[in-house]
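Below you'll find the structure, written out as structure tokens, and then a few comments.
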Amino acid sequence: MFIEPIGPAERQFGAVISGLHAGEIRSDATLALLNQALAQYAVVGIRQMPLEDDVQLVLAGRFGPIHQSILDASRRRLADRRLNDVGNIDVQGNVKDATARGYGDSNLLWHADLSFLARSARITLLSARVLPPEPPPTEYADMRAAWDALPAARQAELASLEVVHSVFVQRAKCGFTGFTDEERRAAPPVRHPLVRRHPVTGRRALYLSSSASHIANWPDDEGRALIDELTAHSTQPRFMLSYDWHADDLLIWDNSVTMHRATPFESSEHRRELRWTAVVETV
Ligand code: OGA
Ligand code: MN
């Protein structure tokens with residue numbers, strides 16, 4: 001087994017593990033290695049790791065409690081609420097019309113998973129099941145490097161701010177506003193610190209997402225302007241990583257120090273199917 005950084009080694013953002021055997025996936029040594037790699041590189045791709053749903057759930061469960069979807073069963077493709085379907089397949093199992101727009105498109109916006117929940121996603125596991133001939137890459141922003149690049153005086157101004165997040169802010173950005181009052185009551189806004197310290201490395205990172213609405217205790221417009229400015233700062237090419245998918249990849253990332261987004265995939269011929277599992281924050 002060996003681990004290789006993606007991009008320049010000094011960047012410490014993104015790595016690929018090869019030669020890990022499926023049989024090793026349940027061992028404590030493998031878990032320790034993956035946790036170490038995630039702390040260091042934040043985004044870790046494991047090559048040649050075809051997963052069945054039940055094995056993905058076992059592995060995810062080793063990292064912590066697994067998120068369960070609350071979406072109505074009629075809107076879900078998979079019966080098990082701990083697994084989400086990512087890609088271009090509709091609930092009937094057909095390739096989505098390439099022009100279909102709406103709810104699912106929020107993956108195209110820079111985000112951290114489940115940032116609109118009090119217990120947001122810490123670790124996401126995304127397993128490639130079916131990829132098109134030219135798979136669209138998934139892009140990541142290194143929120144640790146983005147923080148490090150800010151002048152010290154700016155860091156001091158930002159260090160104790162809290163950001164208000166809402167799923168409805170996120171969905172509205174991709175044109176989806178059709179939520180009922182009941183749905184709105186079921187998902188009230190939550191607050192997360194703008195700056196977080198990683199429990200293993202002690203490194204600080206900005207925490208932003210497309211669900212970021214405004215800054216707590218600030219006028220809305222000023223808060224939105226700050227969020228937009230910091231999002232633009234964090235997603236500059238120098239902080240970005242583009243992950244190229246290969247068949248049977250398992251990609252794991254730490255949402256507390258990254259943002260990510262899907263890139264457009266306009267095929268109505270080829271299937272793209274990945275399985276998503278999120279491990280939630282416990283504090
Ligand atoms: C996700 C996600 C991006 C992609 O699975 O959480 O944002 O490229 N996916 O599908
Ligand atoms: Mn996501």
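With UniProt numbering as the guide, the letters of the sequence shown map in order to residues 1 to 283.
Built from N, CA and C at the ideal position, the CB exists for glycine as well.
Query                                                                                                                                                                                : Result
Compute the distance between the beta-carbons of L126 and V86, then report whether it is under 8 angstroms.                                                                          : yes
If you drop the 5 nearest sequence neighbours on each side, which residues of the same chain put their C-beta closer than 8 angstroms to that of R62?                                : R26 and L31
On the premise that P65 lies in contact with V257, defined as a C-beta separation below 8 angstroms, what is that separation, rounded to the nearest angstrom?                       : Their Cβ separation, rounded to whole angstroms, is 19 angstroms, which puts V257 and P65 out of contact at 8 angstroms.
At a threshold of 7 angstroms, does N88 count as lining ligand 2 (C-beta to nearest heavy atom)?                                                                                     : no
Is any heavy atom of ligand 1 found at a distance shorter than 7 angstroms from the C-beta of L126?                                                                                  : yes
Ignore the nearest five residues each way along the sequence and tell me which others in K96's own chain have a CB closer than 6 angstroms to its CB.                                : N88 and D90
Go through the stretch 178 to 217 residue by residue and report every complete run of the beta strand (DSSP E) that reaches 3 residues or more, in order.                            : 190 to 193, 195 to 197, 204 to 206 and 212 to 215
Compute the beta-carbon to beta-carbon distance between V195 and W147, rounded to the nearest angstrom, for a pair I have assumed lies under 8 angstroms.                            : 7 angstroms
If I measure Cβ to Cβ from S234 and keep anything under 7 angstroms in the same chain, skipping five residues before and after, which residues do I get?                             : A141, M143, A146, L206, L208 and M259
Leaving aside the five residues before and after T282 along the sequence, list all residues of the same chain whose C-beta is less than 7 angstroms from its C-beta, in chain order. : G64 and P65
Under three-state DSSP, which class holds V280?                                                                                                                                      : strand
Say the cut is 7 angstroms; is the CB of D113 nearer than that to a heavy atom of ligand 2?                                                                                          : yes
If we call anything under 8 angstroms between Cβ atoms a contact, is A128 one with S120?                                                                                             : no
Using three-state DSSP, classify L158 as helix, strand or coil.                                                                                                                      : helix
Using a Cβ-Cβ cutoff of less than 7 angstroms, which residues in the same chain neighbour G19 once the five nearest sequence positions on both sides are dropped?                    : M1 and F2
Just to confirm, are W218 and T124 a CB contact at a threshold of 8 angstroms?                                                                                                       : no
Starting from the N-terminal side, write out each stretch of the alpha helix (DSSP H) that is 4 residues or longer and does not extend beyond the stretch 70 to 146.                 : none
Tell me whether I17 is buried or exposed, calling it buried when 16 or more other Cβ atoms sit within 10 Å of its Cβ.                                                                : buried
Is the beta carbon of D254 less than 8 angstroms from the beta carbon of R75?                                                                                                        : no
Give me, in chain order, the residues of the same chain whose beta-carbon lies closer than 6 angstroms to that of S267; leave out the 5 immediate sequence neighbours on both sides. : P132
Compute the Euclidean distance between the alpha carbons of Y103 and F176, then round it to the nearest angstrom.                                                                    : Interpretation of Y103 is limited by its pLDDT of 48, a score under 50 that renders its predicted location unreliable; the figure taken from the coordinates is listed afterwards. Distance between the alpha carbons of Y103 and F176 is about 6 angstroms.
Verify whether the separation of the beta carbon atoms of A15 and E24 is less than 8 angstroms.                                                                                      : no
Report yes if the C-beta of H192 is less than 7 angstroms from at least one heavy atom of ligand 3; otherwise report no.                                                             : Among the ligands present in this structure, namely ligand 1 and ligand 2, ligand 3 is not found.
Compute the minimum distance between the beta carbon of T177 and the heavy atoms of ligand 1, and state whether it is under 7 angstroms.                                             : no
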